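Accompanying notes for the structure given below.
Protein chains in written order, with this note's numbering: chain B, 3 to 364; chain D, 2 to 382.
Here's what the structure looks like:
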């Protein structure tokens with residue numbers, strides 16, 4: 003145990019003295035969180051819309067004002083002689099509203115009138131949102147008497163604030179990338195510079211060596227977690243939705259898991275440049291694509307979805323979102339905690355095996 | 002000129018023997034493009050819906066059937082109390098809940114307008130926004146159809162309503178142009194193409210430049226009569242030509258696997274892609290002038306690439322970003338190329354619509370390469 007702590011202290015001292023590593027560990031995750039947390043979102047606002055008003059009466063202008071009042075749409079001018087769909091070709095507008103002649107007359111007569119909404123569906127998701135928003139604007143313009151009233155309640159994030167969903171994801175991305183990167187760099191440096199030989203001749207065992215390394219980088223991950231959490235609570239306005247104990251336990255396990263992943267990569271690849279590439283795939287690409295960071299995991303085709311069952315960040319993202327938004331606690335999240343512990347254990351075992359084999363092969 | 006040709010020949014010879022590099026021109030882009038296209042999908046359908054029916058009646062069953070057969074929601078479970086339903090939502094077993102109140106059918110017949118409650122898990126703002134629209138439209142169309150059949154109070158029946166008191170409604174007909182089937186992957190792969198070209202271009206270019214540095218042969222190169230500009234141009238020419246193969250390969254993949262329509266001029270897209278690769282190479286050479294080893298170059302790419310990829314509008318719409326960030330994306334080559342591919346491939350726009358973005362890409366390349374040439378000699382000091 004004493005040797006484990008000595009190894010850990012050595013790693014931490016090395017990092018504190020290496021300014022680049024310190025920036026990597028503590029400053030960069032915060033920048034990334036700020037940047038991605040506010041940039042990644044699918045809910046558009048201020049979409050440019052052109053209007054072709056063939057009626058041009060007070061009634062049609064009143065109708066257009068309903069669109070103008072919405073935050074989602076932003077009405078831009080367009081010469082009345084040109085086809086509204088041409089505005090899509092030059093990217094001037096994303097939607098076009100066509101109001102037919104006799105709109106005002108039909109409204110005054112109590113007849114149903116039809117208007118057309120042309121949507122640039124290049125981005126299918128935005129097109130769907132535009133359709134939804136526009137039909138809400140229209141149905142609120144002349145509320146029809148319906149026999150049944152819909153009361154839609156949005157739970158857990160009533161403001162539909164996209165930042166509250168994507169910030170926890172970016173937080174997990176920072177936590178999956180940087181501690182693993184540092185651990186991999188430290189481990190592969192030992193192999194690259196052959197200082198690993200000194201380790202072999204010392205009395206430290208493979209377990210102690212690996213545990214020392216992992217503990218050091220897990221501590222850094224915890225420090226990073228703490229700093230990022232402050233940012234989540236202040237800038238992004240999140241708070242614990244329920245019992246935080248599952249979140250804390252999961253974080254400790256996750257810190258161990260990413261540090262073990264980094265150490266294993268570093269032990270398996272004794273070249274820093276190649277190790278960085280592997281971390282870029284494992285820490286960044288897998289998290290970005292297969293963990294439900296932006297799009298739900300359920301949408302991934304089944305032939306690929308099983309991979310995301312092996313992606314450790316996927317489980318942690320669910321835990322973070324649950325802890326900060328939903329508050330399901332242990333009954334909802336126990337399985338994820340178990341999976342993180344399991345994957346972390348596998349990484350540890352793999353790293354240990356690699357270290358032992360290295361010892362024998364040299 | 003012959004100097005330049007000789008240098009280019011030398012670089013070609015070097016690169017041809019680098020099997021790993023040649024592999025990395027084809028394999029990672031293919032895997033990445035497939036992964037991006039298949040894994041990133043924003044479709045909202047088959048959301049798990051729990052039902053609490055407090056008024057089991059023909060009307061309520063009809064509503065539940067309409068709601069859960071719409072494709073947007075599917076019936077996951079039925080519950081017998083509000084608490085059970087609420088807990089299931091909290092556990093994440095459900096994405097949505099439908100609560101039908103007591104006396105639902107009777108209130109409808111009496112014209113009392115019963116409230117149907119729909120609960121949505123809004124953690125994911127995008128899913129919630131789309132699901133909200135679905136739910137509202139399903140309920141609206143159901144009640145329209147139902148009010149024509151009878152079983153509701155006369156005041157809601159369109160035929161029975163008094164001629165004078167009747168209000169006209171605005172009926173909106175949305176038409177989706179360019180992508181009527183609302184295929185999400187078309188948006189993703191056209192954006193991901195730019196991400197791939199810039200990322201791979203920058204990584205390969207910086208690796209090619211740094212290799213000379215690491216081997217210590219860069220001094221020898223600088224001692225030759227060739228100018229700095231010539232050295233850099235010679236370095237990037239083979240990389241550029243090889244990446245052009247990647248372009249052809251990736252566009253073929255987009256066409257064959259994802260079925261993206263090629264509505265505009267393909268030449269325009271190719272020129273745009275070449276300019277995009279060049280600006281990626283520009284980023285790579287610029288990074289290389291700051292770094293001493295392959296490891297440092299890799300680390301720099303680690304810093305630069307994630308923000309570059311996610312602040313480009315390639316995978317998420319630019320309009321969803323905060324305003325100050327939207328203006329920053331103008332400095333991102335991936336954004337310009339994304340606009341070019343989407344306009345030309347999907348919409349069939351011509352040169353007049355996309356030339357500013359072409360120009361921007363060319364400008365990035367020029368600026369970055371000039372900066373690299375200026376810094377190239379300094380890095381030895």
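Think of the CB as a built atom: it goes at the ideal place given N, C-alpha and C, for glycine as much as any other residue. It should be emphasised that the depicted structure is a prediction, and the values quoted were computed from it without experimental measurement.
In terms of Cβ geometry, residue 132 of chain D and residue 45 of chain D form a close pair [threshold 8 Å]. Cβ atoms of residue 180 of chain B and residue 24 of chain B stay farther apart than 8 Å, at about 11 Å.
Rounded to whole angstroms, residue 138 of chain B and residue 349 of chain D show a C-alpha spacing of 31 Å.
Residue 34 of chain D and residue 193 of chain D have their C-alpha atoms spaced approximately 7 Å apart.
At a C-beta separation below 7 Å, residue 162 of chain B has these neighbours in chain D: 123, 126, 129 and 130. Residue 353 of chain B has its alpha-carbon roughly 20 Å from the corresponding atom of residue 11 of chain B.
According to the DSSP secondary-structure assignment, residue 55 of chain B is paired through a beta bridge with B/101.
Judged by beta-carbon spacing, residue 249 of chain B lies within the 8 Å limit of residue 322 of chain B, meaning their Cβ atoms are closer than that value. Selection D/296, D/230, D/265 and D/79 evaluated against residue 273 of chain B yields D/296 as nearest (Cα-Cα).
Note on residue 259 of chain B: 16 or more other CB atoms within 10 angstroms of its CB, so buried under the neighbour-count rule. Annotation for residue 159 of chain B: 166, 167 and 327 place their beta carbon closer than 8 Å to its own, counting only its chain and skipping 5 residues before and after.
By the Cβ rule, the stretch 195–206 of chain D counts as touching the stretch 276–296 of chain D, because three or more pairs are nearer than 8 Å.
For residue 210 of chain B, the enclosing alpha helix (DSSP H) starts and ends at 208–236. Assigned with DSSP and collapsed to three states, residue 163 of chain B falls in coil, not helix or strand.
Runs of the alpha helix (DSSP H) lying entirely within the stretch 14–100 of chain D and spanning at least 4 residues, in chain order: 20–40, 59–69 and 83–92.
A residue is called buried when at least 16 other Cβ atoms come within 10 angstroms of its Cβ; residue 320 of chain D meets this threshold and is buried. Cβ neighbours of residue 302 of chain D within its own chain (closer than 6 Å, five residues either side excluded): 204. Segment contact: the stretch 235–245 of chain D against the stretch 305–317 of chain D, fewer than three CB-CB distances shorter than 8 Å; contact not assigned. Counting other Cβ atoms within 10 Å of its Cβ, residue 162 of chain B reaches 16 or more and is therefore classed as buried.
Straight through space, the alpha carbons of residue 307 of chain B and residue 93 of chain D are spaced by roughly 18 Å. Bridge partners of residue 153 of chain B according to DSSP: D/118.
With a 10 Å radius around the Cβ and a threshold of 16 neighbouring Cβ atoms, residue 358 of chain D comes out buried. Cβ neighbours of residue 178 of chain D within its own chain (closer than 7 Å, five residues either side excluded): none. In terms of Cβ geometry, residue 135 of chain B and residue 72 of chain B form a close pair [threshold 8 Å]. By the rule that beta-carbons nearer than 8 Å mark a contact, residue 116 of chain B touches chain D. Contacts between residue 120 of chain B and chain D, judged by CB atoms closer than 9 Å, involve 175, 176, 177 and 178 in chain order. Taking a cut-off of 8 Å on C-beta distances, the stretch 334–352 of chain D touches the stretch 90–108 of chain B, as three or more cross pairs fall below it. With a threshold of 8 Å between beta carbons, residue 66 of chain D makes no contact with chain B.
Going by DSSP, residue 14 of chain B is part of the alpha helix (DSSP H) stretching over 4–19. When rounded, the separation of the alpha-carbon atoms in residue 19 of chain B and residue 21 of chain D is 35 Å. Any Cβ of chain D closer than 8 Å to the Cβ of residue 142 of chain B would place that residue at the interface, and such an atom is absent.
For residue 324 of chain D, there is no enclosing beta strand (DSSP E); the residue is part of the alpha helix (DSSP H) that begins and ends at 324–329. Around the CB of residue 142 of chain B, fewer than 16 other CB atoms lie within 10 Å, so the residue is classed as exposed. Straight-line spacing of the CA atoms in residue 190 of chain D and residue 250 of chain D works out to 13 Å.
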